[in-house]
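Report on the structure given below.
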């Protein structure tokens, strides 16, 4: 008997996992991706005449817990109405008992791919601030993402920035905004047990790495610091006119990264809003709390911030001197 090669095994796996949508409004078009929490397909919504993303639990993870988790993810997303969080359209059960939900089909590239060709630093920071906005919105609703990383952030062709994959998000005792009970049972309290490690190496906080079930918003702050570190390490633009950030700029932003991703949760920014406010101070030429600048750096920062009025004053002074020198003695 001849064994199957890897490609054949993969094709059989895809056929076995493909959902039966007979009698529904959706028609599967092609596979988009597969993760630990489920499988995502591009599907056509025959009622509204548009493509959507259809996420279902995989055949290997078809358990009551995985079904409840997928439904919980859908309800969390439905509560988080924000332009940088992917919107959910529909949720339900397949004839074979698997859970599914549909959402906006995101066209674009993952953040780690998007920055490979070289983006100016201000554009990278603008993307990061929009990610922070989305996470701050989630925290305001009592939701902690717990798996923020560049591969879970999508940048669309028109500059859209979307935070994806809320499958391991943690909610409070009442869930985000007291999510109503659905067919899968309560979607509220997080049931992750002590010692269960949730997150991705390099981006999860130390408290997540030891399986602490009581992580809070500061774990997402840690992950955002790690994401910002990746963005700072991205290649600079090679096109004409692209300038590299100064050493001082690098030192300031590195200080922000170090504060956000401190090992001690108490030493980090205590909220995403604090982290965002720090970046606004940097952008506006104000002192950054994470960085102790020298007197010379303070002078240079003020000069940079007020370079136009200083240039006008200098031009006026030089003109007056020229006029004085031009007078006949």
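Residue numbers (the numbering used here): 18 to 346. No residue lacks a Cβ here, since even glycine has one placed at the ideal position from N, Cα and C. Keep in mind the model is a prediction, meaning the values are calculated, not measured.
For residue 83, the uninterrupted alpha helix (DSSP H) run begins and ends at 81-96, by DSSP.
Take residue 47, set aside five residues on each side of it, and the residues of its chain with a beta-carbon closer than 6 angstroms to its own are 59, in chain order. Here the alpha carbons of residue 332 and residue 342 stand approximately 15 angstroms from one another. Rounded to the nearest whole angstrom, the C-alpha separation of residue 41 and residue 63 is 9 angstroms. Note that the C-beta distance between residue 136 and residue 254 is below 8 angstroms.
With contacts defined as CB atoms closer than 8 angstroms, residue 54 and residue 94 fail to qualify as a contacting pair.
In the pairwise beta carbon analysis, the stretch 268-276 is classified as touching the stretch 232-251: at least three pairs are separated by under 8 angstroms. The bridge partners DSSP lists for residue 44 are 61. Closest option to residue 294, judged by alpha-carbon separation, among 282, 307 and 222: 307.
Listed as beta-bridge partners of residue 51 by DSSP are 56. Rounded to whole angstroms, the gap between the alpha carbons of residue 90 and residue 166 is 18 angstroms. When secondary structure is reduced to three states using DSSP, residue 221 falls in the coil class, being assigned neither helix nor strand. Partner residues in a beta bridge of residue 278, as assigned by DSSP, do not exist. For residue 70, the enclosing beta strand (DSSP E) begins and ends at 67-73. For residue 108, the enclosing beta strand (DSSP E) starts and ends at 105-110. Excluding residues up to 5 positions away in sequence, 74 lie with their Cβ nearer than 6 angstroms to the Cβ of residue 83 in the same chain.
Bridge pairing for residue 121: 69 [DSSP]. Put simply, of 150, 241 and 326 the residue whose alpha carbon is nearest the alpha carbon of residue 163 is 241. Taking C-beta atoms under 8 angstroms as the contact rule, residue 170 and residue 186 fail to qualify, at a distance of about 15 angstroms. From the listed residues 43, 217 and 154, the smallest Cα separation to residue 288 is found for 154. Residue 37 and residue 184 have their C-alpha atoms some 22 angstroms from each other.
Our two residues, residue 114 and residue 310, have alpha carbons roughly 60 angstroms apart in a direct line.
With fewer than 16 neighbouring CB atoms inside 10 Å of its own CB, residue 336 falls in the exposed class. By the neighbour-count criterion, in which a residue is buried when 16 or more other Cβ atoms sit within 10 angstroms of its Cβ, residue 263 is exposed. Taking each of 330, 217 and 138 in turn and checking the Cα distance to residue 300, the smallest one comes out for 138.
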